[in-house]
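What follows is a set of notes on a single structure, which appears directly below.
Protein chains: 2
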Amino acid sequence: MRSPAELTELFRTRGLKVTPQRQCIFRHLHGNSMHPTAESVHAAAVHEMPTISLKTVYSTLNDLAAMGEIQSLDLGTGSSRFDSNVDAHHHLVCNRCGLVRDLYVEAQVPVAPEQLNGFTPAATEVVIRGLCSTCSQQHDRTNEGDAHG
Amino acid sequence: MRSPAELTELFRTRGLKVTPQRQCIFRHLHGNSMHPTAESVHAAAVHEMPTISLKTVYSTLNDLAAMGEIQSLDLGTGSSRFDSNVDAHHHLVCNRCGLVRDLYVEAQVPVAPEQLNGFTPAATEVVIRGLCSTCSQQHDRTNEGDAHG
DNA sequence: TTGCTAATCAACAACCATTGTCGGTCGCCG
DNA sequence: CGGCGACCGACAATGGTTGTTGATTAGCAA
Chain A
0 MRSPAELTEL
10 FRTRGLKVTP
20 QRQCIFRHLH
30 GNSMHPTAES
40 VHAAAVHEMP
50 TISLKTVYST
60 LNDLAAMGEI
70 QSLDLGTGSS
80 RFDSNVDAHH
90 HLVCNRCGLV
100 RDLYVEAQVP
110 VAPEQLNGFT
120 PAATEVVIRG
130 LCSTCSQQHD
140 RTNEGDAHG
Chain H
0 MRSPAELTEL
10 FRTRGLKVTP
20 QRQCIFRHLH
30 GNSMHPTAES
40 VHAAAVHEMP
50 TISLKTVYST
60 LNDLAAMGEI
70 QSLDLGTGSS
80 RFDSNVDAHH
90 HLVCNRCGLV
100 RDLYVEAQVP
110 VAPEQLNGFT
120 PAATEVVIRG
130 LCSTCSQQHD
140 RTNEGDAHG
C-alpha cells in the first residue's frame with residue numbers, strides 16, 4: 000500500500016477528510032505484513048488513541064479496500080484479514096494458530112478452456128495450509144509426549 | 000463421498016444411529032456437485048421431511064466432515080459450503096452469483112524451501128475467481144447498455 | 001419385543017464478526 | 001469561520017452457526 004502521506008493526499012482528493020483516527024490507521028497498516036484483523040488494528044490504534052472506536056476502524060478499512068489500497072482476505076479463520084500488500088502474491092496459513100504469511104510464487108494452474116466452460120477467470124488465489132514453524136515444533140513435542148504415554 | 004448405503008454402514012460402525020433425517024441428507028449430498036450450504040441442504044431435505052430441523056442438518060454435515068466424508072469450504076461467500084467431492088481438486092468461484100464449480104487441475108506452486116521458512120505445508124488450495132458463464136453474459140449486456148447511455 | 005439411549009424436535013438464547021442507528025459533539029478543510 | 005463530514009458511545013440488528021432445554025421419538029442391540 001502507499002505511504003500514509005500518499006493516502007492522505009488520496010483521501011483529500013476523494014473528498015474524504017483526513018482525521019487523526021484515519022492517519023493512525025494508515026500508520027498501523029503501512030509496512031505491516033501481519034495481515035491483521037479489524038480487531039487487531041483497533042487494538043493497536045487504541046494505544047495511541049484510547050477512544051478510537053471499532054466502528055471507525057471498520058469503515059476506514061473498508062474505504063481503503065474499496066480504493067484498492069489494501070486487500071480484504073477471507074481465509075476461513077473466522078474474521079476478515081486486511082493485507083496492506085496489494086502486489087500479486089499468495090498465502091501460507093497456519094491451521095493451528097491462524098498465522099498468515101505472504102508467499103511470492105508464480106502459480107501454474109493449467110486450466111484447459113473446456114474446463115472453464117464459459118467461466119471468465121479474473122484472479123487466481125493460492126492458499127497453502129499447514130503448520131507454521133512455531134506450531135510445527137509444538138506439534139513435534141506433542142507427538143513425542145504421546146509416544147511416551 | 001461414499002454412497003448412502005456405505006455411509007449407513009459407517010455410521011453404524013461408529014455407534015451413530017442411522018435415522019431417516021440422516022439418510023435423507025446422505026441422499027441429497029450424494030453426487031451433488033452444487034457445493035450446497037447447510038441452508039440449501041435443509042431446504043432440499045424439507046421437501047421430503049417437512050419437520051427436519053436446520054440444527055439436525057448442521058450437526059449431520061459436521062459429523063460427515065469430521066469423518067472426512069465431505070469437505071467444508073469457506074470461500075468467502077458468507078456461509079460454509081459442503082463439498083461431497085473429497086478428491087484432490089480446486090474451485091472456480093463466481094464473484095457475482097457465488098456459484099462454485101469443481102476444477103480438476105494439477106496446480107504447480109514452486110515454493111522454494113527458504114520461502115517456507117519452517118512452515119510445514121499440508122494442503123494447497125487454488126481458487127479461481129471470476130464470472131460464471133451466466134454472469135459473464137449478463138455482464139456483457141450490461142456493458143453494451145452502458146455504452147449506449 | 002423390549003429397553004436403553006441417542007437423536008430429534010421446537011423454541012429460544014447466545015455467539016461472533018460486522019454493520020446500522022442515533023443524538024450529540026468535534027474538527028477538517030475549503 | 002462555518003458547513004458538513006467524521007467521530008463517539010451506546011446500543012440494536014444482521015446472518016451464520018452453535019448451544020440449551022425438556023419432551024418425544026425411534027434405532028438397534030440384547
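Keeping their order, the protein sequence lines are chains A and H. Residue 20 in numbering that gives the first Met the number 0 is what sits at position 21 of the first sequence, and the numbering runs on without skipping anything. Residue 78 in numbering that gives the first Met the number 0 is what sits at position 79 of the second sequence, and the numbering runs on without skipping anything. Virtual Cβ for every residue (Gly too), placed ideally from N, Cα, C. On a predicted model such as this, the values are computed, not experimentally measured, just so you know.
Are the CB atoms of residue j and residue i within a distance shorter than 8 Å?
i, j, result
"Val40 of chain A", "Phe10 of chain A", "no"
"Thr43 of chain H", "His27 of chain H", "In the sequence on display, residue 43 of chain H carries Ala and not Thr. Yes, the pair counts as a contact, with Cβ atoms nearer than the cut-off."
"His90 of chain H", "Val99 of chain H", "yes"
"Ala121 of chain H", "Gly129 of chain A", "yes"
"Thr83 of chain H", "His46 of chain H", "Thr is not the amino acid found at residue 83 of chain H; the sequence shown has Ser there. In this structure, His46 of chain H does not lie closer than 8 Å to Ser83 of chain H by Cβ."
"Met33 of chain H", "Val85 of chain H", "no"
"Thr123 of chain A", "Val125 of chain H", "yes"
"Pro3 of chain H", "Gln20 of chain H", "no"
"Asp101 of chain H", "His88 of chain H", "yes"
"Gln107 of chain H", "Ala106 of chain A", "yes"
"Ile24 of chain A", "Thr59 of chain A", "yes"
"Leu15 of chain A", "Asp62 of chain A", "yes"
"Ser71 of chain A", "Ser78 of chain A", "no"
Residue i versus chain H: which residues are under 9 Å apart at the beta carbon?
i, result
"Arg95 of chain A", "Going along chain H, no residue has its Cβ under 9 Å from Arg95 of chain A, so there is no contact; the nearest lies around 10 Å."
Residue i touches chain A at which residues, Cβ-Cβ below 8 Å?
i, result
"Gln114 of chain H", "Leu102, Tyr103, Val104"
"Leu91 of chain H", "Leu115, Phe118, Pro120"
Since residue i meets chain H, which of its residues come closer than 8 Å, beta carbon to beta carbon?
i, result
"Ala122 of chain A", "Ile127, Arg128, Gly129"
"Val110 of chain A", "Leu102, Val104, Ile127"
"Gln137 of chain A", "In chain order: nothing, as chain H lies at least about 12 Å away."
Reducing DSSP to helix, strand and coil, say where residue i ends up.
i, result
"Asp73 of chain A", "coil"
"His88 of chain H", "coil"
"Glu5 of chain H", "helix"
"Thr50 of chain H", "coil"
"Val45 of chain H", "helix"
"Phe118 of chain H", "coil"
"Leu130 of chain H", "strand"
"Val110 of chain H", "coil"
"Gly148 of chain H", "A caution first: Gly148 of chain H carries a pLDDT of 29, below 50, which makes its placement in the model too unreliable to give a value."
"Glu68 of chain H", "coil"
"Glu124 of chain A", "strand"
"His138 of chain A", "helix"
Name the two residues that bound the continuous beta strand (DSSP E) containing residue i.
i, result
"Arg100 of chain A", "99-102"
"Arg80 of chain H", "80-82"
From what residue to what residue does the alpha helix (DSSP H) around residue i run?
i, result
"Arg26 of chain A", "19-28"
So which residues on chain A does residue i lean against when the C-beta distance must stay under 9 Å?
i, result
"Gln22 of chain H", "Within chain A, no residue comes near Gln22 of chain H; the closest Cβ sits about 29 Å away, beyond 9 Å."
"Ser132 of chain H", "Leu115, Asn116, Gly117, Phe118, Thr119"
Between residue i and the ligand GDP, is there a pair consisting of the residue's CB and a ligand heavy atom that are separated by less than 7 Å?
i, result
"Ala111 of chain A", "The ligand GDP is not among the ligands present in this structure, which contains no ligands whatsoever."
*Anything in the segment 66-80 of chain A with a Cβ closer than 7 Å to a Cβ of chain H? List those residues in chain order, please.*
Listed by position, the residues of the segment 66-80 of chain A near chain H (Cβ gap below 7 Å) are Asp73, Gly75.
*With 8 Å as the limit, tell me which residues of the segment 28-44 of chain H have their beta carbon closer than that to any beta carbon of chain A; keep them in chain order.*
If the cut-off is 8 Å between Cβ atoms, the segment 28-44 of chain H has nothing near chain A.
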